[in-house]
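First up is the structure itself, then whatever we jot down about it.
Residue numbers (the working numbering): 1 to 303.
Pasting the structure below:
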């Protein structure tokens, strides 16, 4: 893949809209992202690391682009090999945390908390769609640090964020606080989504927007595994039980074998099984991501 680094015009557009978290470059074996004044270089092999590092320094000099720190992380083939990013340039005495902006919203980034730093920038357009849609009740499954919940709450929604990790949800609470959002009217549930969805259904809970952006693979505290290729269909069918009339459901995954067409086919099967109907659309691909480099996502609107 040819290296295409973003240009000054796009950087100025991001600055104008209040965004300083975005992709700088993508190649076949890695990418470079900006988070406020920090840079994260992600690579699959040593060749990718050397290429991206060299090209970044050349690009930043030509663009007069200033950065405070540079972190790097290996993109391993197996989840159990994932490690937190490592600092390779900059002040090691500074806090590993920083605050990044996305269209005026603030999100905490932490380079020492684990493999993922706190914000998936390829979901920018989907988060913006949530803000524009102005839902009243939102269920955010696999919520991680609750970025979708923040986007919904800033538009006036009441949210429920569900994730196995209590630590991630605490970071989500911090993101609410960073945006001056009170926790009143919002719930943070540290539990297995597959345990929570039936409980919500039994209570008769209904939501007008549901976010389904599961990991490719996960394991619950009870040892139950989730594999997106085989289990996404069951996840959607469970979510449909708590989806209100005219609800919107985001279906998103990083699994390369589940493109937008595959997601739609799966969703149509689930709709037929649940005797419901719906339409589909996709938000525009983020301008800083080449085709095929962002998560596969479609929106289902129930009818």
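In this text, a Cβ means the ideal position worked out from N, Cα and C, and glycines have one as well. Predicted model only: the values in this text are computed from it and were never measured.
Helix, strand or coil at residue i according to DSSP, with G and I counted as helix
i, result
"residue 258", "coil"
"residue 53", "helix"
"residue 11", "helix"
"residue 227", "strand"
"residue 172", "helix"
"residue 179", "coil"
"residue 118", "coil"
"residue 6", "coil"
"residue 142", "coil"
"residue 295", "coil"
"residue 289", "coil"
"residue 219", "strand"
"residue 162", "strand"
"residue 274", "helix"
"residue 184", "coil"
"residue 211", "strand"
"residue 38", "strand"
Beta-carbon proximity of residue i to residue j, cut-off 8 Å
i, j, result
"residue 214", "residue 228", "yes"
"residue 31", "residue 42", "yes"
"residue 172", "residue 149", "yes"
"residue 49", "residue 33", "no"
"residue 249", "residue 182", "no"
"residue 130", "residue 155", "yes"
"residue 169", "residue 194", "no"
"residue 180", "residue 252", "no"
"residue 74", "residue 83", "yes"
"residue 267", "residue 235", "no"
"residue 67", "residue 27", "no"
"residue 163", "residue 201", "no"
Contact set for residue i: own chain, Cβ-Cβ below 7 Å, skip 5 residues either direction
i, result
"residue 103", "17, 18, 19, 128"
"residue 264", "280, 298"
"residue 124", "102, 286"
Residues near residue i by beta carbon distance below 6 Å, same chain, minus five either side
i, result
"residue 139", "160, 207, 210"
"residue 238", "197"
"residue 158", "137, 185"
Beta-carbon proximity list for residue i, same chain, < 8 Å, skipping 5 on both sides
i, result
"residue 178", "99, 106, 107, 108"
"residue 119", "21, 35, 100, 102, 107, 109, 145, 147"
"residue 15", "none"
**Request:** Could you tell me whether the stretch 104–124 touches the stretch 232–244, where touching means 3 or more Cβ pairs closer than 8 Å?
**Result:** No, the stretch 104–124 is not in contact with the stretch 232–244.
**Asked** Any chance the stretch 283–290 sits against the stretch 257–271, with 3 or more Cβ pairs inside 8 Å?
**Response** Flag = no, the stretch 283–290 and the stretch 257–271 do not touch.
**Ordered list of alpha helix (DSSP H) runs contained in the stretch 43–116, each at least 4 residues** = With a minimum length of 4 residues, the continuous alpha helix (DSSP H) runs that stay inside the stretch 43–116 are 46–63.
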